[in-house]
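Position one of the sequence shown corresponds to residue 3 (our numbering), numbered consecutively onward. Accompanying notes for the structure given below.
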Amino acid sequence: MHKKNTCYQQGFTWVELAVVLVVITALLIFIYGPSSGAFDSQQTSETKKVAAAFETAINDVRLQWSAEGGRKQKVEFNGLFIEVTESGWAKQLNASVNGCMAIWKSVLPNSPDIQVYNREVHAPGWSVGGGPNICYFINQDGEAFVEDETPYFRYAYETGQVSPYNM
C-alpha cells in the first residue's frame, strides 16, 4: 500500500522566485529604459542639472516680476537687475550671443564658465550660441558639437520655454 503524500508546498520554490524576479526586472528595464537617467554620461547628467537650475531661475525671475505687479521692465534678481519681456521672462538684451551670455550670467551667478560657440574651437565646458529671441547653451566638454548627440538646451525668451536636447 502506497501512502499518499499529504504535505502541500507553501510559497515559491527558488526557481520560481528567480523566474519572477527576472520577469519583473525585464519589465522595469522595458518601461524605464535608458532614458531614466541611470545610464547617463557625466556630461548629460551635468547638462540636465544646469538646465533644471536655469529653468528654475527663469521661472523665479517671472515669479518676482509677478510679485512686483507685473508691470516693470526690470526685475531685481540675485542682486542684479534683469530686463524682462512684457510677459515677465528674462530678456536677451541685444538679440545676439552676447545677450544670451548676459542671461546665463545673470540668472546663474555661480554658473560654470561659458564662452561664445565657435565651430572651430571645442570648448572645454559650456558654450553659447543663438540669435534674436533664442539662446542655445551647449555642454561641449572639450568635444566638437554634434547636433544629434551633444547635450544642450534652448531658451526662447518670448515664451520662457527651456527645451532640453539629447538628454
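Note that CB positions come from ideal geometry on N, CA and C, so glycine has one too. Please read these numbers as outputs of a predicted model, since none were measured by experiment.
Beta-carbon proximity of residue i to residue j, cut-off 7 Å
i: A125; j: Q117; result: yes
i: K93; j: Y159; result: yes
i: Q45; j: D143; result: yes
i: T58; j: M169; result: no
i: I140; j: F147; result: yes
Identity of the residue in the options nearest residue i by Cα
i: G90; options: V52, A54, Q163 and N141; result: Q163
i: L95; options: N112, Q75, P111 and L110; result: Q75
i: P166; options: E70, A55 and L19; result: A55
i: T161; options: S47, K107, E145 and E88; result: E88
i: R121; options: E145, F79, L29 and V21; result: E145
i: E1; options: V109, V52 and F14; result: This structure cannot speak to residue 1, because the chain is shown only from 3 to 169.
i: V52; options: D115, P134 and Y119; result: D115
i: T152; options: S43, I26 and A69; result: S43
i: N80; options: R73, N112 and G71; result: N112
i: Y154; options: S47, G71 and R73; result: S47
Paired residues, beta bridge with residue i - DSSP
i: N141; result: W128
i: G133; result: I136
i: R156; result: Y138 and S165
i: N120; result: V123
Q. Touch check for the segment 124-140 and the segment 97-114: three-plus C-beta pairs under 8 Å?
A. yes
Q | Three CB pairs or more closer than 8 Å across the segment 81-93 and the segment 61-73 | A | yes
Q: Could you tell me which uninterrupted beta strand (DSSP E) segments, each at least 3 residues in length, are contained entirely in the segment 20-108, listed from first to last along the chain?
A: 76-79 and 82-85
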